[in-house]
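A.B. asks: Encoded as structure tokens, here's the structure I'll be asking about.
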Amino acid sequence: MTRGARGGHEPSSQRRNGGGDDRIGAMLVLDLLVGLAFLTTLLATTVARGSSGPEGPVGAWLVAILPCFFSGVLLVLLVRRGLLSFVPGGRAFQAVLAAGILASLVASFFASPGGKGSLLSYFASAVPYLVLAGCLAVLHGPQLREPRLGTAMAALLLGGTSLAGWGAAGTGLIRHARSSLEVSASKMREEDQRERERESEEVFAYRALPADAPLSSHLRYAWSRNGDVQKECRQRVAGWPGLDDALIELLGQESEDAVSYVALVQEAPSARLAPAWGAMLDRQLKRWDVRFRDENAGKWEPNLRPYFDGARKIQRSGGDLRSQLRAWYEPLSRGKGLEGLAAEVKALL
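Going by the numbering used here, the sequence shown opens with residue 2, and the numbers climb by one from there.
Listed below in structure tokens is the structure:
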């Protein structure tokens, strides 16, 4: 008995048969996927075109998910096995072709129920079947008497649906971008309109102030949206009779408008404001102390800065706020994100 007969090596005919069996098995799997894709596509298009078909995007996805899944698996296997050889450039370009076909399939299932009775609807309904016909041409075209006919049919059907898919995807992206721009522009126009309305309301309210309106009523317009009102209001406040006394009174009443005016507008506030400003700092420290323990304490810096900008101006005029600022320095230095503001306060001590 020879070594080959004992089983040391398989005869070449057995190896060829094994390779043929593998190829037949692979073809059966691919044909099975074509059949499943066809049946689910038939079911999906029948339901979609029925009088009680699914409504809305959710319904469209429910209809499309199975045929797209089976068709997607089929296309992946065709690419992996190199069966789309009519596409130049290798498997990378074959994958691009397959992606375009999937995009075309998804678009077709969305378009089909949305335009029942229209030419576009009928064409969209035909796309999945054209794709499956192209896959059959890939699988069984080589067995035709003229294999080139099968290759040409596969190239025409699959290439055409891929181009249509990429075109639909590009059109969808352009429309989405255009829609987003239109929505943004619309929101900007609405916001501009609201700002103009608020500005008009501020102008009307400021002009309606009585002659004996208190300083507090004027200070709220020192930051008016209307430039003329803002300029006029600041000039009027700057020439206010007994301005220092009025500001001292407002600081005692916890007026944030008075704090902001001294810190941001008034160029050289009087040293007379020092006691009232210091008392305000003491009161605010009790309210803010717990917030310095926050992990994001730095977010409060814009709210805190006017207290120290005003203190800097008052000390420059001869006022002394060092004891109050010293009490602020330690908690500020502990606050995460407030190190810069703490350094500025230290410089005022």
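From the three backbone atoms N, C-alpha and C, an ideal C-beta is built for every residue, glycine too.
#1: Whole-angstrom Cβ separation of Gly338 and Ala275, contact assumed at under 8 Å?
#2: Pick out whichever of Ala239, Val260, Glu203, Ile102 has its Cα sitting closest to the Cα of Ser163.
#3: Out of curiosity, what's the CA-to-CA distance linking Gln194 and Ala170?
#4: Locate the alpha helix (DSSP H) running through Pro211, then write down its first and last residues.
#5: Could you have a look at Ser334 and say whether DSSP puts it in helix, strand or coil?
#6: What did DSSP end up calling Ser52 once you bin it into helix, strand or coil?
#7: Could you name each continuous alpha helix (DSSP H) segment of 4 residues or more that falls completely within the segment 78 to 150, going from the start of the chain to the end?
#8: Pairs of beta-carbons, one from the segment 257 to 271 and one from the segment 310 to 320, closer than 8 Å: are there three or more?
#9: Starting from Lys347, trace the alpha helix (DSSP H) in both directions and tell me its first and last residue.
#10: By Cβ distance below 7 Å, which residues in the same chain neighbour Ser217 in space, the five residues on each side in sequence not counted?
#11: Take the Cβ of Lys188 as the centre, count every other Cβ of all protein chains shown within 10 Å, and call the residue buried at 16 or more, exposed below.
#12: Check Trp241 in the structure and name its three-state DSSP category.
#13: Could you compute how far the alpha carbon of Glu345 sits from the alpha carbon of Lys314?
#14: Less than 8 Å between the C-beta atoms of Ser35 and Cys69, yes or no?
#15: What whole-angstrom Cβ distance do Leu140 and Leu44 have, given they're in contact under 8 Å?
C.D. replies: The answer reads as follows:
#1: With a Cβ gap of about 29 Å, Gly338 and Ala275 do not count as contacting.
#2: Of the listed residues, the one whose Cα sits closest to Ser163 is Ile102.
#3: If you draw a straight line from the Cα of Gln194 to the Cα of Ala170, it is about 36 Å long.
#4: No alpha helix (DSSP H) holds Pro211; DSSP gives it neither H nor E.
#5: In the structure shown, Ser334 sits in a helix (DSSP, three-state: H, G or I).
#6: In this predicted model, Ser52 has a pLDDT of only 48, less than 50, meaning its place in the structure is not dependable enough to derive any value.
#7: Listed in chain order, the complete alpha helix (DSSP H) runs (minimum 4 residues) inside the segment 78 to 150 are 92 to 115, 120 to 141.
#8: Taking 8 Å as the limit for Cβ pairs, the verdict is that the segment 310 to 320 does touch the segment 257 to 271.
#9: Element bounds for Lys347: 340 to 349.
#10: Leu251, Ser256, Asp258, listed in sequence order.
#11: In summary, Lys188 is exposed, with fewer than 16 beta-carbon neighbours lying within 10 Å of its beta-carbon over all protein chains present.
#12: Correct three-state label for Trp241: coil.
#13: Answer to the nearest angstrom: the Cα atoms are 13 Å apart.
#14: According to the sequence provided, residue 35 is Val. The question's Ser does not apply to it. In this structure, Cys69 does not lie closer than 8 Å to Val35 by Cβ.
#15: Between Leu44 and Leu140 the Cβ distance is about 22 Å, and since that is not below 8 Å, they are no contact.
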